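Step one of this worksheet: look at the structure below.
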Amino acid sequence: MPAIYEALKRASSFLKERGREARAAEILLLHRLGKTRSELLADWRKPLAPEDWEWFCDRVTRHADGVPVQYLTETEWFFGRAFRVTPDVLIPRPETEELVAETLKRLKALRDGPVRVLDVGTGSGVIAVTLALEHADCEVTAVDLSREALAVARDNAERLGARVRFVHGDLLSPFLAAGETFDCIVSNPPYIPSQEIGRLDPLVKDHEPRLALDGGSDGLEVYRRLCRDLPQVLRRPGLVAFEIGEGQGRAVAEILAAAFSSHADIEILKDINGHERIVLARIDTNGLYGVNAGA
535 MPAIYEALKR ASSFLKERGR EARAAEILLL HRLGKTRSEL LADWRKPLAP EDWEWFCDRV
595 TRHADGVPVQ YLTETEWFFG RAFRVTPDVL IPRPETEELV AETLKRLKAL RDGPVRVLDV
655 GTGSGVIAVT LALEHADCEV TAVDLSREAL AVARDNAERL GARVRFVHGD LLSPFLAAGE
715 TFDCIVSNPP YIPSQEIGRL DPLVKDHEPR LALDGGSDGL EVYRRLCRDL PQVLRRPGLV
775 AFEIGEGQGR AVAEILAAAF SSHADIEILK DINGHERIVL ARIDTNGLYG VNAGA
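All residue numbers for the sequence shown refer to this note's numbering, where the first residue is 535 and numbers rise by one.
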């Protein structure tokens, strides 16, 4: 069997030849061996066990063929925690961490005491679980149309010790029917226009669930559906926090403003790369507000 350094050298070269990131080989081997990078370097010249070599070769080949590393390890890190991910859920992105961070800032200023939060389209549960763990007074509910995604999200909540209520349903429908209201509605909905799905990286379009990607003809369909029902589900004062696609800020802000008859203080924020990524709306019972494009 090859030594660790030799196995990594072979795998990295193979991935580069196939147009993949060479670093993926190290991620896969670290996961398989359960080691830190420093521990791996300390064992640099030790031979791999036959079963580890077989597993490693299989996963490297599958990644070269287009399967995302996160689905091969069933792991992605978010807000400093390891979350389980499967092909039933979208792989969490760093930009969504920014959505969570901005939501947390505003939740702490929204009101004293418990805050009822709803995560719409929870997927792997990263938003719901993180808010529950980072904000002691959050009472978090998460909803998703996919039962398979909810199973993954429940598993993440249990493993990480987060108290989250999970509900199966389509967007806000279960809560309209039950007459439930929340202080904050947060969502990273599908926002990619249908016609653009085919142009995405094969790692995304061929493996991540289309339900979590496809935002309709202009990418705004789910925002319209959400905002149609938001006034009946959101308490006052309340907070709405959406992740958006590049260039969608103004359109989503206008949809929100129309839903709340201008009783909304709306911000459009850019992510660390300078792209529009977040729309935040503070909703009150009175006062006329505008739309502000943040930096």
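Beta carbons are placed, not taken as given, at the ideal position from N, Cα and C, and that holds for glycine.
If you're wondering where the values come from, they're calculated on a predicted model, not measured in any experiment.
Taking three-plus beta-carbon pairs below 8 angstroms as touching, is the stretch 653-672 in contact with the stretch 620-636? The stretch 653-672 vs the stretch 620-636: in contact.
Does DSSP put His702 in a helix, in a strand, or in coil? In the sequence shown, residue 702 corresponds to position 168, counting from 1. Correct three-state label for His702: strand.
Please check the pair Leu567 and Leu574, which I expect to be a contact at CB under 8 angstroms, by giving their CB distance rounded to whole angstroms. Here residue 567 refers to the residue found at position 33 when the sequence shown is read from its first residue. Here residue 574 refers to the residue found at position 40 when the sequence shown is read from its first residue. Sure, about 7 angstroms apart at Cβ, within 8 angstroms.
Starting from the Cα of Val663, find the closest Cα among Gly713, Gly647 and Glu692 and give me that residue. On the sequence shown, residue 663 is found 129 positions in, with the first residue counted as 1. Closest by alpha carbon: Glu692.
Relative to the C-alpha of Ile625, which residue among Pro602, Asp799, Arg645 and Ile561 is closest? If you number the sequence shown from 1, residue 625 lands on position 91. Among Pro602, Asp799, Arg645 and Ile561, the Cα nearest to that of Ile625 is on Pro602.
Beta-carbon proximity of Val619 to Glu608, cut-off 9 angstroms: Here the question's residue 619 lines up with position 85 in the sequence shown. Here the question's residue 608 lines up with position 74 in the sequence shown. Yes, the Cβ-Cβ distance between Val619 and Glu608 is below 9 angstroms.
Name the DSSP beta bridge partners of Arg744, please? As a first step, residue 744 must be located in the sequence shown, where it is residue number 210. None; Arg744 has no bridge partner.
Quick check on the burial criterion: 16 or more other C-beta atoms within 10 angstroms. Buried or exposed for Asp678? Here the question's residue 678 lines up with position 144 in the sequence shown. Buried is the call here.
Among Ser547, Ala598 and Ala537, which has the Cα closest to the Cα of Pro736? Here residue 736 refers to the residue found at position 202 of the sequence shown. The shortest Cα separation from Pro736 among Ser547, Ala598 and Ala537 belongs to Ala598.
Can you check whether the CB of Gly600 is closer than 9 angstroms to the CB of Val623? Your numbering for residue 623 matches position 89 in the sequence shown. Your numbering for residue 600 matches position 66 in the sequence shown. Cβ atoms of Val623 and Gly600: not closer than 9 angstroms.
Simplified DSSP assignment, three categories, for Trp587: Position 53 of the sequence shown, counting from 1, holds the residue named residue 587. Note: Trp587 maps to helix in three-state DSSP.
In angstroms with no decimal places, state the Cα-to-Cα distance between Arg758 and Tyr605. Residue mapping note: residue 758 aligns to position 224 of the sequence shown, counting from 1. Residue mapping note: residue 605 aligns to position 71 of the sequence shown, counting from 1. Answer to the nearest angstrom: the Cα atoms are 31 angstroms apart.
Using a Cβ-Cβ cutoff of less than 7 angstroms, which residues in the same chain neighbour Ala829 once the five nearest sequence positions on both sides are dropped? As a first step, residue 829 must be located in the sequence shown, where it is residue number 295. Per-residue confidence for Ala829 stands at a pLDDT of 43, beneath the threshold of 50, marking its modelled position as unreliable; the derived number appears in the next sentence. Here the set comprises Lys804.
Using three-state DSSP, classify Phe716 as helix, strand or coil. Along the sequence shown, read from residue 1 onward, the residue named residue 716 stands at position 182. Correct three-state label for Phe716: strand.
Less than 6 angstroms between C-beta atoms, sequence neighbours within five positions excluded: which residues of the same chain meet that for Ala556? Taking the first residue of the sequence shown as 1, we reach residue 556 at position 22. Here the set comprises Ser546, Leu549 and Lys550.
DSSP on Lys739, reduced to helix/strand/coil? Here residue 739 is taken as the residue at index 205 of the sequence shown, counted from 1. The DSSP-derived three-state label of Lys739 is helix.
Applying the criterion that 16 or more other CB atoms from any shown protein chain within 10 Å of the CB defines a buried residue, is Gln782 buried or exposed? Along the sequence shown, one-based indexing puts residue 782 at 248. Looking at its Cβ environment, which holds 16 or more other Cβ atoms inside 10 Å, Gln782 is buried.
In three-state DSSP terms, what is Met535? Taking the first residue of the sequence shown as 1, we reach residue 535 at position 1. In this structure, Met535 counts as coil in the three-state DSSP scheme.
With Ile719 and Leu790 assumed to form a contact (beta carbons below 8 angstroms), what rounded beta-carbon distance in angstroms separates them? For the purposes of this step, residue 719 is taken as the residue at position 185 of the sequence shown. For the purposes of this step, residue 790 is taken as the residue at position 256 of the sequence shown. Contact doesn't hold; Cβ gap of about 11 angstroms is too wide.
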